[in-house]
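Taking the numbering used here, the leading residue of the sequence shown gets 1217, the next gets one more, and so forth. Each residue gets a CB set at the ideal place from its N, CA and C atoms; glycine is no exception. Notes to accompany the following structure.
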Amino acid sequence: MMSGSPERPPVRVVLAKLGLDGHDRGLKVVARMLRDGGMEVVYLGLRQTTDTIIDAVEQEDADVVGISMLNAGHLTLGPRMVEALADAGLDVPVVIGGIVPDEDLPAMANAGVAGVLGPGATAEEVVACVRAAADARG
């Protein structure tokens, strides 16, 4: 971004694997998609806790948290992350990517998850979902 430009600053996204799931290849692909889409990505990697993610959100002034879920923990860990951010006084939306059955989508939305991306989401869909979550934040 050039000095004096009227453009908005890039969306800052913290990406992490919450819990013990050890598969991070997809999250690394998403990190590249978001960077290519003009976003700033803070990649925390594997085996993060809500506390380490919150610390990164605060330190990096993040606009969105992206969590990868491949271990069927989305109904527990997704809402826990949303609640932990709220408890910390942070108005930062959470987007979950990974394996989330369609029948669980209403529960995720009711828990405050801003978006869910499944396998095969295109780069355009990933960027649009994260941007929409950031824009909804205000």
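(request) In angstroms with no decimal places, state the Cα-to-Cα distance between G1400 and V1346. (result) Beyond the ends of the chain as shown, which are 1217 and 1354, falls residue 1400; an answer cannot be given.
Evaluate H1290 with the Cβ neighbour count: other Cβ atoms within 10 Å of its Cβ, from every protein chain shown; 16 or more gives buried, anything less gives exposed. buried
Measure from the alpha carbon of E1274 to the alpha carbon of each residue in M1249, V1258 and M1285, then state which is nearest. V1258
Next item on the list: Could you tell me which residues DSSP puts in a beta bridge with A1232?
Entry: G1261 and I1283
Measuring only the C-alpha atoms, how far is D1267 from T1338? 30 Å
**Report entry** Proximity winner among M1285, D1252 and L1243, relative to P1317 (alpha-carbon distances)
**Finding:** M1285
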